[in-house]
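Numbering (the numbering used here), first residue to last: 5 to 312.
Okay, structure coming up:
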């Protein structure tokens, strides 16, 4: 019998068969599956499961053994610049994608590219790509992964992008509802808190306001449908837009309009006991409703020029 290993498979793998050792990589229907079986070289062999009770009883032992075997594999991490952003490539190994399950390995990637928060893509078998979640590449990264997924060299796995913090997956972006948004928007859901992060790469204030509305509607529909929402949405505005007083004022007006909207409050009351909280960030610094934004081109008063 070969070595027990975890293997990543597409989200619909053996969708009509529930009695085998498997789980979601992330707690969403569109997430790829992690299946556990014996690597026989030319094929994977899966143990028979008698029933749900047998599956539940043996699952944790199977999983722990497989992850320990995965951790023992030493794979090379190649760091290259992708649009001036250090990006890690793990390619040419059968279990390259599965290494996303190895906490120590992902922490090592964090160290190599000097990033605390990571975005990871596992588009097809044998290829994992990881970059800094707070870099300028963030908004384009989902498109990069989709291109790899649509032109696979091996078995396709996932077109989603995963947020990794502290070596563990904490979020997933790229669900089907997101395809309807503009190319300037990425929505990431945080599973432990059921809160959301929205990244906006707009170059025009009017377009930004349109994308704010569309992203909020998507989050609202998604939350009401699942009846789960932590109450918080964090908007991250890129420096494609200049930080101006008008931008900050519009952010504050948007927050006020949402918080005071009785229909919105009634809808979210179905999903959370918390008050809806919106926060805007620019270059990772809060600009609304709190923060002390500094405006580059705003004229100073005469006394500010002479103040010591």
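No residue lacks a Cβ here, since even glycine has one placed at the ideal position from N, Cα and C.
Keep in mind that this is a model prediction, so the values were computed, not measured.
Residues 127 and 128 of the same chain have their beta carbon placed closer than 7 Å to that of residue 156, with the five preceding and five following residues left out of the count. Assigned with DSSP and collapsed to three states, residue 199 falls in strand. By the criterion of at least three beta-carbon pairs nearer than 8 Å, the region 45-63 is not in contact with the region 80-87. Remark: three or more beta-carbon pairs, one from each stretch, lie closer than 8 Å, so the region 253-263 and the region 273-293 are flagged as touching. DSSP places residue 17 in the coil class of the three-state scheme, outside both helix and strand. CA-to-CA, the gap between residue 198 and residue 152 works out to about 29 Å.
Collapsing the DSSP output to three states places residue 109 in a helix. The three-state secondary structure of residue 145, taken from DSSP, is helix. The beta carbon of residue 108 lies closer than 8 Å to those of 75 and 171 in the same chain, with the five residues before and after it left out. In the DSSP secondary-structure assignment, residue 215 is not bridged to any residue.
Around residue 150, the same chain offers 163 as residues with beta carbons nearer than 6 Å, after the five sequence neighbours per side are excluded. The residues 99, in chain order, have a CB closer than 7 Å to that of residue 77 in the same chain once the five nearest residues on each side in sequence are set aside. Between residue 223 and residue 191 the beta-carbon gap is near 7 Å, inside 8 Å, which marks them as a contact. Taking the Cα of residue 265 as reference, the smallest distance to any Cα among 124, 298, 220 and 249 is reached at 220. In the structure shown, residue 126 falls within a strand segment according to DSSP collapsed to helix, strand and coil. Nearest to residue 106 by alpha-carbon distance, out of 42, 79 and 225, is 79.
When only Cα atoms are considered, residue 201 and residue 295 end up about 18 Å apart.
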